[in-house]
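Participant:
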DNA sequence: AGCTTCTATAACCTGCCGGAATGGATGTGG
DNA sequence: CCACATCCATTCCGGCAGGTTATAGAAGCT
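Chains as they are written, first to last, in the working numbering: chain A, 5 to 308; chain B, 5 to 308.
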């Protein structure tokens, strides 16, 4: 009575999409691969999970049972594996904190200092993730908590504590015509080429392309995975990009100019950690440290 | 964050045995296969689960966490897959009941009749299993309930309701010297060759070899998997075997004589079903049917 | 009819997984 | 003190699982 949980996740995706083809797109595999995975699962259980039809896949009764119960199984699985990894690092008195570029800021050293006071003998290991993992290691249990910007995919699966809110600016090549303005309405940017995150980052990518403030889909000039590539792409003129205000302090670079953008929502920086019970004590201490450390003063960045 | 649950079961076996070699024997695979499975699991989690030493394997802290939490995960997994399979058959209004040879008896038709009265429109599908699956399909979710004889491996994982208790007899070749006696003390059988069930049946095999009533290990003359092979082996003189009294009615065969055996415990026939919640209504009805159907009268089998 | 949109199948290739045999390290008993 | 037993790791090899691309087949839409 064993399964590879991977097959269950695939199954759930197919069930949600109601189509092999769409599920294959979402999972970044070919459609025949999903056909085989599903047949494998069905053969393994000796149960037909979908009825195939011309216009997609419909769950059978048995499929509905599995679709209903599998999520709890998978989340328990995540929790168990996560706690196993956590035990391994906690045995060495290390708390692992992931962050995405631009999510660590001036307050971070203070938070760590506070934590160290609360948990003497413990160390914080800060792990930077590339944008291709929007959870910065939370999803795989690589870290105990993460500093992230909202929104990110699967964020509902985590506890969130907002640490700071800051306006979004735009990063422009120094030579860009709009760099002459001190403030730019988003509507002026809508037709520009953008430097985007990889497609698999879903909502996160959309947020930084501000698709919810657009009429038409954005035009993508480049896709990057890391801050350096990102800065380089902008400086090269492949496109422009939105960024939190603090990028103006952490990601200055010759050839790049930042300008405040009006007409779009601000960015929320938060601490995220898994909804597992019980919470390991050092994690609780870190959460406390975050809550008791004030955000950096709202510096008045002046256009350079 | 996915795992093949197979790896988790392997891991637990290694943890219990404290040794790759012993675990490999118990799982009927080679020792290098387990070495690789374990390395695979450790690599997948990026966590060292055991510290290797000359005299076996010891769990690390992380390994202890996993060993503690994995059983709950696996039992949830079993439950989910089981309920999926159950839904598939219940959609067709079929209740699947497994049984091992000699575990169905005169009362079975009455039980089915009672069940059919309680659940109009439903059918009972009786599935006979070979001895190589001592749970008669419960373990794999092939059946909703099973008629079994105690003890059987992993019986603690199921709800048990004892239906009947009967003495154990011995099946002898017709020409066997002991066939001349009307009653045989077990001590007289201890040095005989026995026809046994396959080794993987564990406690069940031991029970029918009556190892708990022996000083020395039993001598095995043949291993069989099914009633017919079993009868044939005894008739051929490959060995003798213990059997429940009712075998004298269900498994008569020229060349084979049954005799009551004294000095060993009786055999318990029971209904077993998974400890899952909630219980599907037809299963509840079947349990009721079993409880309300009296066992067959204690026939006085006379030695022939 | 022709196009689109599904899923299933075929052919191919890569890499994983398991078994047998072997090696190396380490206690153990004569 | 040496031969042996006991474990785990390594190597080699065969088989197949699982992915990709290309294509077929069924069915609705215009």
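C-beta atoms are modelled at their ideal positions from N, C-alpha and C, and glycine is treated no differently.
1) On the three-state DSSP scale, how would you describe residue 174/B?
2) Check whether the segment 151-168 of chain B touches the segment 218-233 of chain B, taking contact to mean three or more Cβ pairs, one atom from each stretch, closer than 8 Å.
3) Determine the contact status of residue 247/A and residue 126/A, defining contact as a CB-CB distance below 7 Å.
4) Is any beta-carbon of chain B found at less than 7 Å from that of residue 73/A?
5) Using the beta-carbon of each residue, which ones in chain A are nearer than 9 Å to residue 9/B?
6) Determine whether the Cβ of residue 145/B lies closer than 7 Å to any Cβ atom of chain A.
7) Leaving aside the five residues before and after residue 178/B along the sequence, list all residues of the same chain whose C-beta is less than 7 Å from its C-beta, in chain order.
8) Could you give the distance in angstroms between the alpha-carbon of residue 211/B and the alpha-carbon of residue 217/B?
9) What's the gap between the Cα of residue 276/B and the Cα of residue 128/B?
10) In or out: residue 41/B buried (at least 16 other Cβ within 10 Å) or exposed?
11) So, is residue 304/A buried or exposed, given that buried needs 16 or more other C-beta atoms within 10 angstroms?
12) Where does residue 54/A fall in DSSP's three states?
13) Along chain B, which residues have their Cβ under 9 Å away from the Cβ of residue 13/A?
14) At the 7 Å Cβ level, is residue 84/A part of the contact set with chain B, yes or no?
15) I need the straight-line Cα distance from residue 282/A to residue 284/B, nearest angstrom please.
16) Please report whether the beta-carbon of residue 69/B lies at a distance below 7 Å from any beta-carbon of chain A.
17) Would you list the one or two residues that DSSP bridges to residue 100/B?
18) Hey, which unbroken runs of the alpha helix (DSSP H) at 4 residues or more fall wholly within the segment 68-122 of chain A?
19) Could you compute how far the alpha carbon of residue 25/A sits from the alpha carbon of residue 215/A?
20) Within the segment 199-259 of chain B, note down every full beta strand (DSSP E) run reaching 3 residues or more, in order along the chain.
21) Please state the DSSP three-state secondary structure of residue 64/B.
22) Can you give me the C-alpha to C-alpha distance between residue 152/A and residue 251/A, rounded to a whole angstrom?
23) Any idea what DSSP makes of residue 181/B, helix, strand or coil?
24) Return the CA-CA distance between residue 119/A and residue 130/A, expressed in angstroms with no decimal places.
25) Find out if the Cβ-Cβ distance for the pair residue 74/B, residue 167/B is shorter than 7 Å.
26) Within its chain, find whatever has a CB closer than 7 Å to the CB of residue 289/A; leave out the 5 residues flanking it on each side and keep chain order.
27) If distances are taken between C-alpha atoms only, which option among 48/A, 64/A and 237/A comes closest to residue 54/A?
28) For residue 17/B, does the three-state DSSP call read helix, strand or coil?
29) Please decide whether residue 280/A counts as near chain B, where near means a Cβ-Cβ distance under 7 Å.
30) Taking the straight line between their C-alpha atoms, what separation do you get for residue 114/B and residue 274/B?
31) Run through chain A and tell me which residues come within less than 7 Å of residue 88/B, C-beta to C-beta.
32) By Cβ distance, which residues of its chain are closer than 6 Å to residue 35/B, with the 5 residues on each side in sequence left out?
33) Give the interface partners of residue 91/B over in chain A, defined as CB-CB distance under 9 Å, in chain order.
34) Tell me whether residue 195/B is buried or exposed, calling it buried when 16 or more other Cβ atoms sit within 10 Å of its Cβ.
35) What three-state label does DSSP hand residue 188/A in the structure shown?
36) Quick check on residue 150/A: does DSSP put it in helix, strand or coil?
Facilitator: Taking the structure as given:
1) Position 170 of the second chain, counted from the start, is the residue given in the question as residue 174/B. Shown here, residue 174/B sits in a strand according to DSSP, grouped into three states.
2) Contact fails: fewer than three Cβ-Cβ distances are below 8 Å.
3) By one-based count along the first chain, residue 247/A stands at place 243. By one-based count along the first chain, residue 126/A stands at place 122. Cβ distance not < 7 Å, so residue 247/A and residue 126/A don't count as in contact.
4) Here residue 73/A is taken as the residue at index 69 of the first chain, counted from 1. Look at residue 73/A: its C-beta is under 7 Å from a C-beta on chain B.
5) Here residue 9/B refers to the residue found at position 5 when the second chain is read from its first residue. What residue 9/B touches in chain A: 5, 6, 7, 8, 9 and 81.
6) For the purposes of this step, residue 145/B is taken as residue 141 along the second chain, with counting starting at 1. Yes, its Cβ sits closer than 7 Å to a Cβ of chain A.
7) Along the second chain, one-based indexing puts residue 178/B at 174. Cβ within range, chain order: 259, 260 and 261.
8) Residue numbering aside, residue 211/B sits at position 207 when the second chain is read from its first letter. Residue numbering aside, residue 217/B sits at position 213 when the second chain is read from its first letter. CA-to-CA, the gap between residue 211/B and residue 217/B works out to about 9 Å.
9) Working through the second chain from its first residue, we reach residue 276/B at position 272. Working through the second chain from its first residue, we reach residue 128/B at position 124. So the alpha carbons of these two residues sit roughly 16 Å apart.
10) Here residue 41/B corresponds to residue number 37 of the second chain, with the count starting at 1. By the C-beta density criterion, residue 41/B is buried, having at least 16 other C-beta atoms within 10 angstroms.
11) Here residue 304/A refers to the residue found at position 300 of the first chain. Bear in mind that a pLDDT of 49 at residue 304/A, under 50, signals an unreliable position, so the number given afterwards is only what the model happens to contain. For residue 304/A, the number of other beta carbons within 10 angstroms of its own is below 16, and it is reported as exposed.
12) Counting from one through the first chain, the residue named residue 54/A turns up at place 50. Secondary structure of residue 54/A (DSSP, three-state): strand.
13) The residue given as residue 13/A occupies position 9 in the first chain. Per Cβ cutoff of 9 Å: 6.
14) As a first step, residue 84/A is located in the first chain; it is residue number 80 there, counting from the start. Yes - at least one Cβ of chain B is within 7 Å of the one on residue 84/A.
15) On the first chain, residue 282/A is found 278 positions in, with the first residue counted as 1. On the second chain, residue 284/B is found 280 positions in, with the first residue counted as 1. So the two alpha carbons sit approximately 32 Å from each other.
16) The residue you call residue 69/B lines up with position 65 of the second chain. Yes, because at least one Cβ of chain A sits closer than 7 Å to the Cβ of residue 69/B.
17) The residue labelled residue 100/B in the question sits at position 96 within the second chain. Residue 100/B pairs with 129/B.
18) DSSP runs (the alpha helix (DSSP H)) wholly in the segment 68-122 of chain A: 112-122.
19) Along the first chain, read from residue 1 onward, the residue named residue 25/A stands at position 21. Along the first chain, read from residue 1 onward, the residue named residue 215/A stands at position 211. In a straight line, the C-alpha of residue 25/A is about 25 Å away from that of residue 215/A.
20) For the segment 199-259 of chain B, whole beta strand (DSSP E) runs of length 3 or above, ordered along the chain, are 223-227 and 245-248.
21) Here residue 64/B refers to the residue found at position 60 of the second chain. Residue state, collapsed to three classes: coil.
22) Looking up residue 152/A in the first chain gives position 148. Looking up residue 251/A in the first chain gives position 247. Roughly 14 Å separates the two Cα atoms.
23) In the second chain, residue 181/B corresponds to position 177, counting from 1. The answer is helix: DSSP assigns residue 181/B an H, G or I state.
24) Position 115 of the first chain, counted from the start, is the residue given in the question as residue 119/A. Position 126 of the first chain, counted from the start, is the residue given in the question as residue 130/A. Distance between the alpha carbons of residue 119/A and residue 130/A: 13 Å.
25) If you number the second chain from 1, residue 74/B lands on position 70. If you number the second chain from 1, residue 167/B lands on position 163. Taking 7 Å as the Cβ cut-off, residue 74/B and residue 167/B do not qualify as a contacting pair.
26) Against the first chain, residue 289/A aligns to sequence position 285. Excluding sequence neighbours, residue 289/A sits near 119, 122 and 123.
27) Locating residue 54/A in the first chain gives position 50, counting from the first residue. The residue with the shortest Cα to Cα distance from residue 54/A is 64/A.
28) Stepping through the second chain from its first residue, residue 17/B is reached at position 13. Helix.
29) As a first step, residue 280/A is located in the first chain; it is residue number 276 there, counting from the start. Not an interface residue.
30) Here residue 114/B is taken as the residue at index 110 of the second chain, counted from 1. Here residue 274/B is taken as the residue at index 270 of the second chain, counted from 1. A direct Cα-to-Cα measurement between residue 114/B and residue 274/B gives close to 16 Å.
31) Here residue 88/B refers to the residue found at position 84 when the second chain is read from its first residue. Chain A residues near residue 88/B: 49, 51, 66, 69 and 70.
32) The residue given as residue 35/B occupies position 31 in the second chain. Closer than 6 Å at the Cβ level, and outside the excluded window around residue 35/B, lie 24, 25 and 28.
33) As a working mapping, residue 91/B is identified with position 87 in the second chain. Correct list: 51, 64, 65, 66, 67, 68, 69 and 70.
34) Here residue 195/B refers to the residue found at position 191 of the second chain. Residue 195/B comes out exposed.
35) On the first chain, residue 188/A is found 184 positions in, with the first residue counted as 1. Three-state result, residue 188/A: strand.
36) Translated into positions along the first chain, residue 150/A becomes position 146. The answer is strand: DSSP assigns residue 150/A an E or B state.
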